[in-house]
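Chains as they are written, first to last, in this note's numbering: chain A, -2 to 142; chain B, 1106 to 1839; chain C, 80 to 343. Backbone N, C-alpha and C fix where the C-beta goes; we use that ideal spot for every residue, glycine too. Structure record follows, encoded as structure tokens.
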Amino acid sequence: MTVQFTLNGRRVSFEGSGARRLLDVLREDLGQTGTKEGCGEGECGACSVLIDGEVVDSCLVAVGQVDGAQVVTVEGLQSPLQQAFVEHGAAQCGICTPGMLLAAHVLLQKTTRPTADDVREALAGNLCRCTGYTKIIDAVLSCAR
Amino acid sequence: MGLSAQPRKFLLLNMLTAVGQSVPRRDGAAKVTGEARYTDDLVVPGAWFGKTVRSTIPRGTLRSITLDPAFDWSRLVLVTADDIPGDNVVQLIRDDQPVLARVGREIRHKEEPILLLAAADRSTLEDAAEHIRIEYEPAVPVLDPETATEVYATIEIRKGKDVEDVEGLEVVVQREFRVGLQEQLYIEPQGAIASLNAEGGITVVGSLQCPYYVHRALKRALNLTDRQAVVVQAETGGGFGGKEEYPSMVAIHAALLARKAGRPVRLIYDRHEDLAATTKRHPGVIRHRTGVKKDGTLLLQDIDILLDGGGYCTLTPVVLSRAAIHATGPYSCPNVRVRARAVATNTPPNGAFRGFGAPQTLFAAELMVEHVAERLGMSSIDLRRKWMLRLGDTTATGQKLTESVGSELVLDAALKAVSPLRPADVPTAGPERSEGCRRGRGLSLVFHGSGFTGSGEKKLSGTVAMEALADGTFQILTASTEIGQGTKTIFCQLAADALGVPIARVSVAPQDTSIVPDSGPTVASRTAMIVGRLVQEAATEIRERLQTEKALPPLRVEKSYVQPDSIHWDETTYRGDAYPIYAWACTIADVEVDLTTGAVRVTDLVTAVDCGKALHPILAEGQIEGGCLQAVGWATIEEIKMKDGGYQNDRLATYLIPTALDAPRIRTILVENPYSRGPFGAKGIGELPMDGPAPAIIAAIHDATGVWLDEIPATPEKVLAALGNRDTRHGKRS
Amino acid sequence: MREVTYLRPKDMQDAVRLYRTTPGCRALAGGTDLMVMLHARTLRPAPRALLDLWSLPELKGIVNRPTKLFIGAAEPYTGIIRSPDARRAVPALVAAARTIGAAQIQNRGTLGGNLANASPAGDTLPVLLAYDALVITDRRAIPIDRFFTGYRKTALESDELITGVELPLDRQVAFRKVGTRAAQAISKVVIAVCREPARIAIGSVAEVPLRASRAEAALARGDITGAVAAVAEDIRPIDDVRSTAAYRRAVTQNVLAELLGGDR
């Protein structure tokens, strides 16, 4: 089948089985490798992308399901969060960073003055093993002011 | 926040423009834009996909491998032990671990690699795997380390009198502690891509900590020369020890497939395979017998350590060594006996994990302080002050501490940070916060040897090179890897200030064994301190040659580690200077214990760390906070249950690590207490934060509930059972 | 791999037709379980087609009817959490939805999926039992207490699709989930309780999410202590990778006592 969607503001078209994981289509067919696979079962959030403004695990989405949708990956993100992550030490090994940024971005879109607890809840689906989360939370809060 | 105890000579360094500043990390921009390329992100034209077929039994003899003749095997490449051109050995300490199990030989653990497959697409691989029959002659597996008889290593440390001859013991406390398996859980699973190279050899690009470990292993198994084997580190998504030795296995497998297929092969583990097959932290049993006078004077520490090494040796003897040396805790005791033993069981091999044996034994040592204090009716903080190693004291191995002893500095700094502290006398059950929930606070004091144990650095003689280039820039050539901890940034800072140039003019060459010298592995809290010092020295020499000799670039300088004459170590007796220096930490944990469910939530963690000098405060704090949370996980929820010699928790839905909602607020206090031979005074702190939180949390649980646990993880199951036992003894709670 | 066909129906009628006529067809909503199993090839028999119900408007939305709240089978948990109607009428269901996974899973997981999966650990299922929900399908309404027929088995016919759930508006239900961590955790025990009428529904303690009939009988008599004691007889917990039977038994009693405000 043909699946057409908007990826980072550009119209893209995919030919193939609509049952394939969005994650694999992004990485292998569309060359967008910023989206990472950490577990393949919706536990780690490394493959987080935005679909129509909501954060989802792209390993759990059949590509046919994004036909007509707006998909945003880290490659399409332009947010003060990115600079803040560098400045606050919120990215160490960096493998969780793309997903973490997208989840944080949604929070800042929807909540004007999030608390630290709001940030923790918003990022609870994105596992980080390097930072202990403290600096990630600091980075997100620094962008909320 | 910082405390300063700088001797005068360090005050001269106020011209530093990079060191001590939290400059933007070198790899930051690439990591926040998605441009950073990790192994599986690399596009390699024509590459096939690889797969490892593994044993399903914990022990037995591999009888036969049978391929279904009805399946079309022409679309695949198969590799067995017969296809290994060199030695069928994963090069490390012992030559016991095969690259692939051989028919007729013993299988020693579940998930042991037997056969490799490669094909143009993944589904062919999956289909093929279902058409292979492997037959075994099973044997009874050894699963209990306490009854295991095959020994990988033993260590004995003795100080003072024989334990039987120690007199004046007025109080003797004995206790046994248990610590569980732990998975490193780097978020990027293991992976490597192998390609044929122009030298007639193999180039492997992978997710790894130690390029030259992999290089040696490749040479040995594939019978390659130094030049034929090339190892390149891709951007690496975390390691924590998990990518110290295991990547050699992945790399050899990928290389064997590439060699036979005559084309590149990608061997990328999925999370399930990574959890099921790769190394874990050694579980252990630690028994203490501590003898004191009634006033708390420490007279005797008699400690037995048992670690489970699993099916192959890997790094177990070295882990045991660090476990044994740290077993007394950071305390000065005149009479010590440590007897340590690591045994073989038919479980997947255990290996390197941040802390490397020390967290296991420090957990026991710190809780022993609590138990002795409780028995004596003393404050455990006062007891620590009485026992702690100070300048001039000697450790269990007889090492005299001559500089940068931070025990008291970190204890004071941590206590000050949480003041006003409750009266720090006998811990009492915390106030009930709400119905069914109690709060408590616990403290620990730990030390951790920076760099390799004993003569390790001397034997290794790690090397770095630095080049001054014609365009006025400088390049650092090192095999030390960036795995998130900040190696690239810190090395540039050190070089920039030693050279006296802006940091923008310094860069780090790729971690590629055809380009960089062997700086040793990126392990053991040695990178900033040992290799960083070499970077500083190389940069200093370049600066001198440019300035005083008026040398003109291009210019290259190499520096190798030279053991100072003052460091003495006798490996046969375990006497002497076990580490060049120690880093110190005091950790205070606040917990809430839910009496309904037994769940323990660590709400706050304060940790004061003597890091020598904070080369990059934000990166240093990042190391400490991340290490602390790994320790919180190990102490509370990270549990691996065994079944028939394999891990039941082999998916991310069953092996749980803390999320942002579970993580405590972590406050880090960097205490600067310079070390004369560290770069600008710095000591290694990569592993230290793994040591302190677990005993502090167990002490806090006791403070909250009155219940002592002797085993981690303190799962809700264990806590609720312990609370139930207490109820039986003391009547119904609250 | 056996090629899996992706089917997107035009409307509900088309979905029913495709589901009936396509061999080896599995219904796909948010994919939070199905996509994992599909990728890991753990589904037996292996599906040959996926019928994507995610975007069907008939299965979306939360509708306030005079005496009932209707929640579409493919409405994600996030929709339930954000719905003022759901928060007002069925706060325990909202509370349960908030404990599921984290944002990513709440944005995709659905009641229809939770029901069709029929996992004994399904977080919303005890709440639906406590509310006496009706499972609405393309052909009938199934009372929730007759829906779960065995381990991951339901009363659905092989070609029957769930369209939504109907819940009463005026019932006071209390809920607690016990998991290993604060988010992204599958439950060790999950309990929903209603005093009037007496409903005690528990997940992760048997092969199905169950109603604790002995405990309910005690509760109906106003005997809370009796209910807490009797619940031990109602459940059949096991040791597994997540917990132990002994722990589940103890925690079921502790949490039930907490929810009912009685002594432990």
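Residue range of the unbroken beta strand (DSSP E) whose run includes residue i
i, result
"PRO1243 (chain B)", "1237 to 1243"
"PHE1579 (chain B)", "1579 to 1582"
"PRO1218 (chain B)", "1218 to 1224"
"LEU1660 (chain B)", "1660 to 1665"
"GLN106 (chain A)", "It is not in any beta strand (DSSP E) - GLN106 (chain A) instead sits in the alpha helix (DSSP H) that spans 94 to 107."
"TRP1153 (chain B)", "1153 to 1159"
"GLU12 (chain A)", "7 to 12"
"GLU1475 (chain B)", "Run containing GLU1475 (chain B): none in the beta strand (DSSP E); it sits in the alpha helix (DSSP H), 1463 to 1481."
Pairwise C-alpha distance: residue j and residue i
i, j, result
"ALA1519 (chain B)", "SER1549 (chain B)", "10 Å"
"ARG177 (chain C)", "ILE221 (chain C)", "25 Å"
"ASP1270 (chain B)", "LEU1405 (chain B)", "10 Å"
"CYS93 (chain A)", "ALA1356 (chain B)", "24 Å"
"CYS104 (chain C)", "SER14 (chain A)", "15 Å"
"GLY1346 (chain B)", "SER1560 (chain B)", "21 Å"
"ASP135 (chain A)", "THR1171 (chain B)", "57 Å"
"VAL0 (chain A)", "VAL83 (chain C)", "16 Å"
"ARG1538 (chain B)", "VAL1640 (chain B)", "For ARG1538 (chain B), the predicted structure reports a pLDDT of 42, less than 50, and the residue's modelled location is therefore unreliable. A value from the coordinates is still provided. Rounded to whole angstroms, ARG1538 (chain B) to VAL1640 (chain B) spans 52 Å at the Cα level."
"VAL272 (chain C)", "PRO1769 (chain B)", "31 Å"
"TRP1788 (chain B)", "LEU1720 (chain B)", "What sits at residue 1788 (chain B) in the sequence shown is Lys, not Trp. Cα-Cα distance, rounded: 10 Å."
"GLY39 (chain A)", "ASN193 (chain C)", "15 Å"
"ALA329 (chain C)", "GLU337 (chain C)", "12 Å"
"LEU1420 (chain B)", "ASN1455 (chain B)", "8 Å"
Backbone secondary structure at residue i - three-state DSSP
i, result
"ARG1538 (chain B)", "Residue confidence for ARG1538 (chain B) is low, a pLDDT of 42 falling below 50, so the modelled location carries little weight and cannot support an answer."
"VAL1277 (chain B)", "strand"
"THR1594 (chain B)", "helix"
"ASN1778 (chain B)", "coil"
"GLU1293 (chain B)", "coil"
"CYS273 (chain C)", "strand"
"GLU337 (chain C)", "helix"
"THR1759 (chain B)", "coil"
"ALA297 (chain C)", "helix"
"PRO247 (chain C)", "strand"
"HIS1214 (chain B)", "coil"
"TRP1674 (chain B)", "strand"
"CYS125 (chain A)", "coil"
"LEU27 (chain A)", "coil"
"ILE1189 (chain B)", "coil"
Endpoints, alpha helix (DSSP H) assigned at residue i
i, result
"SER1127 (chain B)", "Taken as a continuous stretch (DSSP letters only), SER1127 (chain B) belongs to no alpha helix (DSSP H), as it is neither H nor E."
"LYS152 (chain A)", "There is simply no residue 152 (chain A) to check, as chain A begins at -2 and stops at 142 in what is shown."
"ALA119 (chain C)", "113 to 119"
"VAL1523 (chain B)", "1512 to 1523"
"ASP93 (chain C)", "91 to 100"
"VAL1812 (chain B)", "Counting along the chain, VAL1812 (chain B) falls outside any alpha helix (DSSP H), and DSSP gives it neither H nor E."
"VAL1137 (chain B)", "1133 to 1138"
"GLU1572 (chain B)", "Per DSSP, GLU1572 (chain B) belongs to no alpha helix (DSSP H); it is in the beta strand (DSSP E), 1568 to 1573."
"PHE82 (chain A)", "77 to 85"
"GLN1641 (chain B)", "1637 to 1652"
The ligand ATP heavy atom lying under 7 Å from the CB of residue i
i, result
"ALA1768 (chain B)", "Of the ligands one can find in the structure shown there are none, so the ligand ATP has no counterpart to examine."
Fill in: alpha helix (DSSP H) segments (min. 4 residues) lying fully within the segment 1345 to 1427 of chain B
1351 to 1366 and 1376 to 1382
Practice prompt. Scan the segment 1758 to 1785 of chain B for residues whose Cβ lies nearer than 7 Å to a Cβ of chain C and list them as they occur along the chain.
Written response: ALA1758, THR1759, LEU1761, PRO1763, THR1764, LEU1766 and ASP1767
Fill in: Near-chain A residues of the segment 131 to 142 of chain C - C-beta to any C-beta below 7 Å
Answer set for the segment 131 to 142 of chain C: ASP131 and TRP133.
Practice prompt. Compile a chain-ordered list of the residues in the segment 322 to 339 of chain C whose CB is closer than 9 Å to at least one CB of chain B.
Written response: SER322, THR323, ALA325, TYR326, ALA329, VAL330, ASN333, VAL334, ALA336 and GLU337
Worksheet item: Taking any Cβ of chain B, which residues in the segment 256 to 284 of chain C have a Cβ under 7 Å from it, in chain order?
Response: VAL257, THR259, ARG260, ALA261, ALA262, GLN263, ALA264 and ILE265
Worksheet item: If contact means a Cβ-Cβ distance below 7 Å, which residues of the segment 90 to 106 of chain A contact chain B?
Response: Residues of the segment 90 to 106 of chain A with a C-beta atom less than 7 Å from some C-beta of chain B are CYS90, GLY91, ILE92, CYS93, THR94, PRO95 and LEU98, listed in chain order.
Worksheet item: Could you give the uninterrupted runs of the beta strand (DSSP E) lying entirely in the segment 1693 to 1741 of chain B, keeping only those of 3 residues or more?
Response: Those beta strand (DSSP E) runs which fall completely within the segment 1693 to 1741 of chain B and span 3+ residues are 1705 to 1715.
Worksheet entry | chain B contacts from the segment 150 to 182 of chain C (Cβ-Cβ distance under 8 Å) | ALA181
Practice prompt. Return the residues of the segment 1727 to 1759 of chain B that lie within a Cβ-Cβ distance of less than 7 Å from chain C, sorted by chain order.
Written response: ILE1742, LYS1746, GLN1753, ASN1754, ALA1758 and THR1759
Practice prompt. Could you please tell me which residues of the segment 1456 to 1468 of chain B, in chain order, have their CB closer than 9 Å to any CB of chain A?
Written response: Of all residues in the segment 1456 to 1468 of chain B, none has a Cβ within less than 9 Å of some Cβ in chain A.
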